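Take a look at the structure below.
Residue numbers (the numbering used here): 147 to 527.
In structure tokens form, the structure reads like this:
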């Protein structure tokens with residue numbers, strides 16, 4: 147009896163804290179050029195090293211008004227709306243607590259997640275944007291104080307043991323350049339964490355034991371949304387908004403709707419109409435969550451230089467390519483740190499590497515997933 151009461155009280159306290167925002171500052175404008183050359187104009191103060199985000203936000207299967215089933219039994223009177231609008235996304239809260247995630251699921255959080263359609267970026271999953279934004283500032287807070295040192299950052303397992311190995315090097319003399327290099331590296335690695343999560347979901351990772359996440363793996367909107375989150379977070383860091391979590395969160399609240407408007411955010415009715423137009427091509431509205439082939443079209447590309455997947459057969463349009471830098475001031479980012487995935491005793495269907503997987507192996511793993519999905523879809527008809 148006490149545990150639910152404690153959780154409820156904690157949620158109410160958290161909600162009260164979420165509503166006490168810092169004073170308003172001028173919003174930072176998003177830099178949504180395909181290739182970015184942003185840099186810090188000064189070495190801004192930096193918050194203390196953060197604890198990693200506690201998992202990922204619980205959202206969203208592709209589609210709207212989705213019905214669900216539990217252990218193969220349809221769940222009556224329950225639908226998942228999923229659709230949000232750019233000007234009604236509420237606040238942003240760094241995902242550092244179980245209570246925060248629970249508050250969002252219960253609908254008492256001021257932070258909104260869901261899907262919307264944009265003219266230049268296709269479908270965008272707001273939870274993926276927020277998650278990678280959080281991981282970018284987390285990694286920045288860890289990297290900046292130790293830039294140039296040899297050390298290893300260990301993260302929680304996702305089938306494999308996740309480690310980021312930082313290699314020793316002589317960092318730039320300029321404090322502004324050290325700050326910029328740290329932000330670039332943080333965004334790069336945060337996106338790689340997101341790409342691995344898609345791979346892990348496909349190969350059997352379950353954040354809640356017993357509940358398959360195969361439906362979400364390589365969903366068509368996922369990694370472009372993650373890339374958008376990395377870019378927005380990097381911009382905020384370079385503009386000095388990494389001095390505190392309240393400052394970063396307020397800045398994310400401001401920059402996200404602006405970025406979505408620049409991408410051509412659609413209204414809720416327009417997003418529903420676009421979902422209807424790709425029903426039967428990209429998703430099957432007759433299937434229930436978590437059936438894997440509720441999602442019919444997936445994007446297996448794991449690159450951080452990418453176009454959004456667009457329903458061009460429906461809406462011929464010019465989409466916006468986004469990318470992350472590969473180098474800065476002569477430093478190759480891939481030479482400074484390496485994301486490694488080491489074998490564990492709980493690999494599910496993930497092949498065991500000879501030593502460890504790295505981002506260089508992602509395309510091989512995702513291509514194997516693509517081939518198997520195509521075979522399964524052929525056999526299902």
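Even glycine gets a Cβ: it sits at the ideal position worked out from N, Cα and C. On a predicted model such as this, the values are computed, not experimentally measured, just so you know.
*So what does DSSP say about residue 315, is it helix, strand or coil?*
In the chain shown, residue 315 corresponds to position 169, counting from 1. Residue 315 falls in the coil class under three-state DSSP.
_What would DSSP say about residue 228, mapped onto helix, strand or coil?_
Along the chain shown, one-based indexing puts residue 228 at 82. Coil at residue 228, not helix or strand.
_Can you tell me where the beta strand (DSSP E) holding residue 483 begins and where it ends?_
To locate residue 483, count along the chain shown from 1; it is residue 337. From DSSP, the beta strand (DSSP E) with residue 483 extends over 483-488.
*Do you know how far the Cα of residue 426 is from the Cα of residue 331?*
As a position in the chain shown, residue 331 is number 185, starting the count at 1. As a position in the chain shown, residue 426 is number 280, starting the count at 1. So the alpha carbons of these two residues sit roughly 40 Å apart.
*Can you give the beta carbon distance from residue 267 to residue 393, rounded, assuming they're within the 8 Å contact cut?*
Counting from one through the chain shown, the residue named residue 267 turns up at place 121. Counting from one through the chain shown, the residue named residue 393 turns up at place 247. With 8 Å as the limit, residue 267 and residue 393 do not qualify as a contact, their Cβ atoms being about 26 Å apart.
*Taking only runs that begin and end inside the segment 414-449, name each unbroken alpha helix (DSSP H) of 4 or more residues, in chain order.*
414-424
*Which stretch, first to last residue, makes up the beta strand (DSSP E) that contains residue 300?*
Position 154 of the chain shown, counted from the start, is the residue given in the question as residue 300. From DSSP, the beta strand (DSSP E) with residue 300 extends over 297-300.
*Can you list, in chain order, the stretches of the beta strand (DSSP E) that have 3 or more residues and sit fully within the segment 312-393?*
none
*asked:* Considering Cα atoms alone, identify which of 291, 338, 287 is closest to residue 480.
replied: In the chain shown, counting from the first residue as 1, residue 480 sits at position 334. Among 291, 338, 287, the Cα nearest to that of residue 480 belongs to 338.
_So, for residue 115: in the same chain, excluding its five sequence neighbours on each side, which residues have a beta-carbon less than 7 Å away from its beta-carbon?_
In this structure the chain extends from 147 to 527, so residue 115 is not present and cannot be described.
*Report back the beta-carbon spacing between residue 342 and residue 304 to the nearest angstrom; my notes put them in contact at under 8 Å.*
On the chain shown, position 196 is the one that residue 342 refers to. On the chain shown, position 158 is the one that residue 304 refers to. About 6 Å separates the two Cβ atoms, so the contact holds.
*For the beta strand (DSSP E) holding residue 271, just list the boundary residues, first then last.*
Taking the first residue of the chain shown as 1, we reach residue 271 at position 125. Segment 268-271, the beta strand (DSSP E) holding residue 271.
*Would residue 354 be called buried (16 or more neighbouring beta carbons within 10 Å of its own) or exposed?*
Start at 1 with the first residue of the chain shown, and residue 354 comes out as number 208. Exposed: under 16 other Cβ atoms inside 10 Å.
*Pull up the CB-CB distance for residue 209 and residue 421, whole angstroms please, since I reckon it's below 8 Å.*
The sequence position of residue 209 within the chain shown is 63, counting from 1. The sequence position of residue 421 within the chain shown is 275, counting from 1. Right, their Cβ atoms sit about 6 Å apart.
*Opposite residue 178 in the DSSP bridges: which residues?*
Counting from 1 along the chain shown, the entry for residue 178 is found at position 32. Answer is none; residue 178 lacks a bridge partner.
*Classify residue 389 as buried or exposed, calling it buried when 16 or more other Cβ atoms lie within 10 Å of its own Cβ.*
The sequence position of residue 389 within the chain shown is 243, counting from 1. Exposed, by the Cβ-count rule.
_Rounding to the nearest angstrom, what Cα-Cα distance links residue 513 and residue 439 in this structure?_
What you label residue 513 is simply residue 367 of the chain shown in a count that begins at 1. What you label residue 439 is simply residue 293 of the chain shown in a count that begins at 1. Looking at the two C-alpha atoms, the distance is approximately 18 Å.
_Contact set for residue 346: own chain, Cβ-Cβ below 6 Å, skip 5 residues either direction_ = Mapped onto the chain shown, residue 346 falls at position 200. Within the same chain, residue 346 has close Cβ partners 304, 305.
*Starting from the C-beta of residue 522, find all residues in its chain whose C-beta is less than 7 Å away, skip the five residues before and the five after it, and write them out in chain order.*
Walking along the chain shown from the start, residue 522 turns up at place 376. Taken in chain order, the list of residues that qualify is empty.
*Could you tell me whether the segment 470-484 touches the segment 269-281, where touching means 3 or more Cβ pairs closer than 8 Å?*
no
_residue 283 to residue 383 span [Cα, whole Å]_ = The residue you call residue 283 lines up with position 137 of the chain shown. The residue you call residue 383 lines up with position 237 of the chain shown. The straight-line gap from Cα to Cα measures roughly 7 Å.
*Measure the C-alpha to C-alpha separation of residue 192 and residue 287 and round it to an integer number of angstroms.*
The sequence position of residue 192 within the chain shown is 46, counting from 1. The sequence position of residue 287 within the chain shown is 141, counting from 1. Residue 192 and residue 287: Cα-Cα distance of roughly 7 Å.
*Between the beta-carbon of residue 397 and the beta-carbon of residue 279, is there less than 7 Å?*
Taking the chain shown and counting its residues from 1, the one referred to as residue 397 is at position 251. Taking the chain shown and counting its residues from 1, the one referred to as residue 279 is at position 133. Against a cut-off of 7 Å, the Cβ pair of residue 279 and residue 397 comes out as no contact.
*What residue does the beta strand (DSSP E) around residue 264 start on, and which one ends it?*
Within the chain shown, the letter at position 118 stands for residue 264. Taken as a continuous stretch (DSSP letters only), the beta strand (DSSP E) holding residue 264 covers 261-264.
_Residues in the same chain with beta-carbon distance under 7 Å from residue 229, minus the five sequence neighbours each way, listed in chain order, please._
For the purposes of this step, residue 229 is identified with residue 83 of the chain shown, where counting begins at 1. Cβ within range, chain order: 210, 260, 261, 262, 414, 417, 418.
*Please classify residue 287: does DSSP put it in a helix, a strand, or coil?*
The count along the chain shown starts at 1 and reaches residue 287 at position 141. If DSSP states are grouped into helix, strand and coil, residue 287 belongs with the helices.
*Report buried or exposed for residue 365, applying the criterion of at least 16 other Cβ atoms within 10 angstroms of its Cβ.*
Taking the first residue of the chain shown as position 1, residue 365 is located at position 219. Answer is buried; the Cβ neighbour count reaches 16.
_Cutting at 8 Å between CB atoms, please list the residues of its own chain near residue 490, excluding the five before and the five after it._
Within the chain shown, the letter at position 344 stands for residue 490. So the qualifying residues of the chain are 303, 305, 306, 307.
*Where does residue 203 sit, in a helix, a strand or coil, going by DSSP?*
In the chain shown, residue 203 corresponds to position 57, counting from 1. Of the three classes helix, strand and coil, the one that applies to residue 203 here is coil, per DSSP.
*Assuming residue 362 contacts residue 207 (C-beta within less than 8 Å), just tell me the rounded distance between them.*
Position 216 of the chain shown holds residue 362. Position 61 of the chain shown holds residue 207. Going by Cβ atoms, the distance from residue 362 to residue 207 rounds to 7 Å, so yes, they are a contact pair.
*Could you check the C-alpha separation between residue 381 and residue 524 for me, to the nearest Å?*
Here residue 381 refers to the residue found at position 235 of the chain shown. Here residue 524 refers to the residue found at position 378 of the chain shown. Going from the Cα of residue 381 to the Cα of residue 524 covers about 43 Å.
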